[in-house]
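Worksheet: one structure, shown below.
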Amino acid sequence: MSYRKELEKYRDLDEDKILGALTEEELRKLENELEELDPDNALLPAGLRQRDQTQKLPTGPFKREELMAHLEQQAKDIKDREDLVPFTGEKRGKAWIPKQKPMDPILESVTLEPELEEALANASDAELCDIAGKAVTCELGVELFSCKFILFYGSSAIELFADRVNVTGFDTI
């Protein structure tokens, strides 16, 4: 008898009838054997590569608030471990001080007319707003509110703050 004729007798078998005759234990054993044939099937999604092995029934509905309260209480009940080296509060090393940028000699040489300089130095915030017109940019700080006004005068830009006047020269605008 040839191999082909030997396989033809299995063609007409009813697989459903055979599987229906197996017990639950035999079905589990068959399932394990089938999974062992190709455990690393890369074509399956990661969640389906291993069969579900849980036998326990669900305990009830999911209650997020109760779970969060339980986890918070559990975290509070656990004692913190002690530090191996306790913090003494001692500061070591030098405190960092930012470098002061030197003033550019070109910027220092820009001067205004004495009348204009005096008018800007003695001007109130409202007058500075009037002088600045629409060239006003306001900057908000964490604890400080200061307004910066920029005036263009010749080849210079004048930055006006509420409490001081800075003059900056420009080659081109």
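According to full-length UniProt numbering, the sequence shown is numbered sequentially starting from 1. Positions of the beta carbon are idealized from the N, C-alpha and C atoms, including for glycine.
Between Leu22 and Leu30, how many whole angstroms is the CB-CB distance? I'm expecting something under 8 Å.
Translated into positions along the sequence shown, residue 22 becomes position 22. Translated into positions along the sequence shown, residue 30 becomes position 30. The pair is a contact, with the Cβ atoms about 7 Å apart (cut-off 8 Å).
Coil, strand or helix - Glu115 by DSSP:
Here residue 115 refers to the residue found at position 115 when the sequence shown is read from its first residue. Note: Glu115 maps to helix in three-state DSSP.
From what residue to what residue does the alpha helix (DSSP H) around Gly20 run?
The count along the sequence shown starts at 1 and reaches residue 20 at position 20. In the DSSP assignment, Gly20 falls within the alpha helix (DSSP H) that extends over 15-21.
Within the continuous alpha helix (DSSP H) that includes Lys76, where are the two ends?
In the sequence shown, residue 76 corresponds to position 76, counting from 1. DSSP places Lys76 inside the alpha helix (DSSP H), whose first and last residues are 64-77.
Alpha carbon of Lys99 to alpha carbon of Gly93, nearest angstrom
In the sequence shown, counting from the first residue as 1, residue 99 sits at position 99. In the sequence shown, counting from the first residue as 1, residue 93 sits at position 93. So the alpha carbons of these two residues sit roughly 17 Å apart.
Which residues mark the beginning and the end of the alpha helix (DSSP H) in which Lys5 is found?
Position 5 of the sequence shown holds residue 5. Its alpha helix (DSSP H) spans residues 3-8.
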